[in-house]
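Numbering (this note's numbering), first residue to last: 1 to 146. Every residue, glycine too, gets a C-beta built ideally from N, C-alpha and C. Because the structure is a prediction, the values reported are computed rather than measured. Beneath this line is the structure, given in structure tokens, with notes to follow.
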Amino acid sequence: MLLSCPECNRDVSDRATACPQCGFPIAEHLRDAAEQRRQAEERSSRAAIGEVDCTICLARGFRTISLPLPDGRQREQFDWCGVCEHTGRVTLCKSSRGYFAVARVHVEAFVAGTREVGDDLVVFLGPNEPPPHRYPSPGERVVTEP
Ligand SMILES: [Zn+2]
Ligand SMILES: [Zn+2]
């Protein structure tokens, strides 16, 4: 198939590695365009579908933090988790790619496609449905003060 080169506008085969006229990297350009389409489709398929155990505190509203002791050593202790607002659960989202654990404050942005996997507090759980909750009911909901 022929397409017009984005750089010089002349006809060039879509199988060409580069444009024979101007050297524009056609193959790379087509790969990038396909990848962008794939990502746009993935984003448009996102939806919030339920709740999943918090990946940080492991479903009990706690996570381990290190506190420095006066002698320079670290003390490990439990702290409240600010991601799940102490309920032990965060929002479960799904897309064509799989399942995601998303902190409540970022659900809207994630579903709208303006927040990405790998950004803070968005965790990819894999292509398969995550395991059931560790505890039958979530802990009491307490919104932490900023
Ligand atoms: Zn060209
Ligand atoms: Zn948590």
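Rounded separation between residue i and residue j - CA only
| i | j | result |
| --- | --- | --- |
| alanine 27 | valine 122 | 32 Å |
| phenylalanine 124 | proline 6 | 35 Å |
| leucine 30 | glycine 50 | 37 Å |
| histidine 106 | threonine 114 | 10 Å |
| isoleucine 65 | glutamine 36 | 39 Å |
| serine 13 | tyrosine 99 | 39 Å |
Identity of the residue in the options nearest residue i by Cα
| i | options | result |
| --- | --- | --- |
| leucine 92 | Pro68, Asp71, Arg31, Pro130 | Pro130 |
| glycine 126 | Gly139, His133, Ala101, Phe110 | Ala101 |
| arginine 43 | Leu58, Val111, Glu7, Ala103 | Val111 |
| arginine 97 | Asn128, Val107, Glu76 | Asn128 |
| arginine 89 | Phe62, Arg37, Ser45 | Phe62 |
| arginine 134 | Ala59, Ile65, Gln77 | Ala59 |
| alanine 48 | Asp32, Phe78, Ser95 | Ser95 |
| alanine 109 | Pro132, Gly139, Arg46 | Arg46 |
Sheet register partners of residue i (DSSP bridge)
| i | result |
| --- | --- |
| glutamine 74 | Pro68 |
Complete runs of the beta strand (DSSP E) confined to the stretch 92-134 [at least 3 residues] = 98-102, 122-126
Between the stretch 41-56 and the stretch 79-87, are three or more C-beta pairs nearer than 8 Å?
-> yes
On the three-pair Cβ rule with 8 Å, is the stretch 65-74 touching the stretch 106-125?
-> no
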